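Report on the following structure.
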Amino acid sequence: MKIDARGTVRVLNDPGAWRVILLHGEDTGLIRERALQATHRLAGTLDDPFRIALLDRETHNRLEEEATALSLMGGRRVVRVRDASDALLKPIEHVLAQNTDTLVILEAPGLASRSKLRQLMEKLPVCASIGCYPEEGRNLEASITQMLGAHHVRIDTDALHWLAGRLGADRAAARSEVEKLALYAGDSGTLALEDVRACIGDAGSVSVEDAAFAATEGNRTETDTALERALAEGTAPIAIIRAFMGHMHRLRRVRAAMAAGQSRSDALKTLRPPVFFKRTASFGRALELWSLPALSNALVELQALELACKQSGAPDLLLCRRHIATLAARAALYSRR
């Protein structure tokens with residue numbers, strides 16, 4: 347059965363109602379977090395070798411054996427399978443055909459929608475198929491608030507907006523940053539914007555953001571400086587490209603709303619998270635320079651750049667530097683029109 351976002355909480359809170367739970371999508375950190383949540387909910391622990399089996403790619407051949415084994419200590423067993431793929435279709439069908447109450451959790455990052463395993467999980471009523479994709483906007487802010495709330499820590503609204511705009515797409519990395527903030531705040535503490543910036547403000551993501559804002563308003567000197575700082579802080583070229591894509595997507599979203607008849611101020615209000623107030627002027631200047639077609643073309647080029655950088659042996663640093671320099675030069679040219 348295909349589970350939507352609203353039904354995910356229900357499934358994870360009552361995993362015992364299912365024979366197999368398939369966790370697929372792009373966010374590997376969220377996949378692992380949800381697998382652990384379902385495992386703990388059913389078994390009451392994460393490290394009982396009698397009730398929990400963890401299989402990686404090298405031990406997939408033990409799936410049927412583990413899924414049909416009896417629990418020596420009583421209670422339902424859980425079998426977590428990492429790196430699941432269509433190669434497990436037949437073993438899963440065999441497990442489902444047998445009388446066993448073991449819960450099988452399949453962790454399948456990047457599983458395609460045409461996958462036969464995914465199609466089977468979405469068709470059978472005893473199976474749950476859950477997509478795990480990077481959160482953004484209000485959903486990300488809600489998750490941050492929830493994670494901090496578990497530590498009895500509150501966060502101011504402006505600090506929440508700022509933080510949501512800087513956390514990466516991976517849930518595990520985001521949780522790590524939130525845990526650091528919770529430790530900084532202490533029990534029953536409150537995080538203000540200054541607190542969040544003190545903990546995270548020097549991260550490489552901020553340098554990347556500096557580069558993106560500078561490039562889209564045509565400031566080539568600041569673009570080069572911020573880009574080199576981000577690379578020196580260990581930020582990978584692919585992460586930089588994706589950050590630029592996110593920034594261009596936000597510009598394009600506002601431009602599209604303006605083309606549909608909204609005022610610029612109303613269009614800006616639709617962004618989640620909103621533009622940080624200290625970045626508003628820069629964002630506005632970029633909106634004046636870039637037309638909707640130009641933004642669309644830039645996004646297509648960035649997607650092609652990401653693909654090129656992923657090729658084996660590709661000079662990703664050189665490709666990234668050259669493309670971003672070209673992007674900044676293009677914005678500078680727009681400013682002279």
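Read in the working numbering, the sequence shown has 360 at position 14, and its numbers run on one by one without any break.
Using N, Cα and C, we set each Cβ at its ideal position, and we do this for glycine too.
None of the values given here were measured: they were computed from a predicted structure.
| Buried or exposed (CB count within 10 angstroms, at least 16 for buried), Ala578 | Looking up residue 578 in the sequence shown gives position 232. Ala578 comes out exposed.
| message | I'd like the span of the alpha helix (DSSP H) that includes Pro583, first residue to last. | response | Taking the sequence shown and counting its residues from 1, one reaches residue 583 at position 237. Where Pro583 is concerned, the enclosing alpha helix (DSSP H) stretches over 583 to 605.
| task | Give me the Cα-Cα distance between Leu513 and Phe622, rounded to the nearest whole angstrom. | result | Taking the sequence shown and counting its residues from 1, the one referred to as residue 513 is at position 167. Taking the sequence shown and counting its residues from 1, the one referred to as residue 622 is at position 276. The straight-line gap from Cα to Cα measures roughly 14 Å.
| task | State yes or no: is the C-beta of Tyr530 within less than 9 Å of the C-beta of Ala520? | result | Numbered from 1 along the sequence shown, position 184 holds the residue referred to as residue 530. Numbered from 1 along the sequence shown, position 174 holds the residue referred to as residue 520. Cβ atoms of Tyr530 and Ala520: not closer than 9 Å.
| field | Local Cβ density within 10 Å of Arg352, reported as buried at 16 or more and exposed below that | value | Here residue 352 refers to the residue found at position 6 of the sequence shown. With fewer than 16 other Cβ atoms within 10 Å, it is exposed.
| Residue range of the beta strand (DSSP E) that Leu368 falls in? | For the purposes of this step, residue 368 is taken as the residue at position 22 of the sequence shown. Run containing Leu368: 366 to 371, per the beta strand (DSSP E) assignment.
| query | In angstroms, rounded to a whole number, what distance separates the CA positions of Leu466 and Ala474? | reply | Residue numbering aside, residue 466 sits at position 120 when the sequence shown is read from its first letter. Residue numbering aside, residue 474 sits at position 128 when the sequence shown is read from its first letter. Straight-line Cα distance between these residues: approximately 10 Å.
| said: List, from N- to C-terminal side, the alpha helix (DSSP H) runs of 4 residues or more that fit wholly inside the region 476 to 535. | reply: 483 to 495, 503 to 510, 517 to 531
| request: Go ahead and label Gly420 buried or exposed: buried means 16 or more other beta carbons lie within 10 angstroms of its beta carbon, across all protein chains shown. | output: Against the sequence shown, residue 420 aligns to sequence position 74. Gly420 comes out exposed.
| request: Take Trp508 and list the residues in its own chain whose beta-carbon comes closer than 8 Å to its own, dropping the five residues that flank it on each side. | output: For the purposes of this step, residue 508 is identified with residue 162 of the sequence shown, where counting begins at 1. Leu539, Val542, Arg543, Pro619, Phe622, listed in sequence order.
| request: Measure the beta-carbon distance from Leu401 to Leu409 and round it to whole angstroms, keeping in mind my assumption that it falls under 8 Å. | output: Position 55 of the sequence shown, counted from the first residue, corresponds to residue 401. Position 63 of the sequence shown, counted from the first residue, corresponds to residue 409. Going by Cβ atoms, the distance from Leu401 to Leu409 rounds to 6 Å, so yes, they are a contact pair.
| query | Quick one: Cα of Ala488 to Cα of Val554, how far? | reply | Taking the first residue of the sequence shown as 1, we reach residue 488 at position 142. Taking the first residue of the sequence shown as 1, we reach residue 554 at position 208. One C-alpha to the other measures close to 24 Å.
| query | With 16 as the cutoff for other CB atoms within 10 Å, does Gly550 come out buried or exposed? | reply | The residue given as residue 550 occupies position 204 in the sequence shown. Its pLDDT being 44, under 50, Gly550 is placed unreliably by the model, and the measurement read from it follows with that caveat. Buried, since its Cβ has 16 or more Cβ neighbours within 10 Å.
| request: Return the chain-ordered list of same chain residues with a C-beta closer than 8 Å to the C-beta of Leu679, the five sequence neighbours on each side being excluded. | output: For the purposes of this step, residue 679 is identified with residue 333 of the sequence shown, where counting begins at 1. Counting only Cβ-Cβ distances below 8 Å, and skipping sequence neighbours, we find Gly564.
| Is there a Cβ from chain B that is less than 9 Å from the Cβ of Trp508? | Absent here is chain B; the protein component of the structure consists of one chain.
| Since Arg484 contacts Gly375 with CB under 8 Å, what's their CB separation in whole angstroms? | Reading the sequence shown from its first residue, position 138 is the one you call residue 484. Reading the sequence shown from its first residue, position 29 is the one you call residue 375. Not a contact, Cβ separation roughly 19 Å.
| Phe559 vs His595 beta-carbon contact at 9 Å | Reading the sequence shown from its first residue, position 213 is the one you call residue 559. Reading the sequence shown from its first residue, position 249 is the one you call residue 595. For Phe559 and His595, no; Cβs fall outside 9 Å.
| query | Is Ala458 helix, strand or coil when you go by DSSP? | reply | Taking the sequence shown and counting its residues from 1, the one referred to as residue 458 is at position 112. Note: Ala458 maps to coil in three-state DSSP.
| field | Supposed contact pair Cys478 and Ile587 - C-beta distance, whole angstroms, cut 8 Å | value | If you number the sequence shown from 1, residue 587 lands on position 241. If you number the sequence shown from 1, residue 478 lands on position 132. That belief does not hold up - the Cβ atoms of Ile587 and Cys478 are roughly 22 Å apart, past 8 Å.
| request: On the DSSP bridge assignment, give the partners of Ala399 in chain order. | output: Taking the sequence shown and counting its residues from 1, the one referred to as residue 399 is at position 53. Partner(s): Val425.
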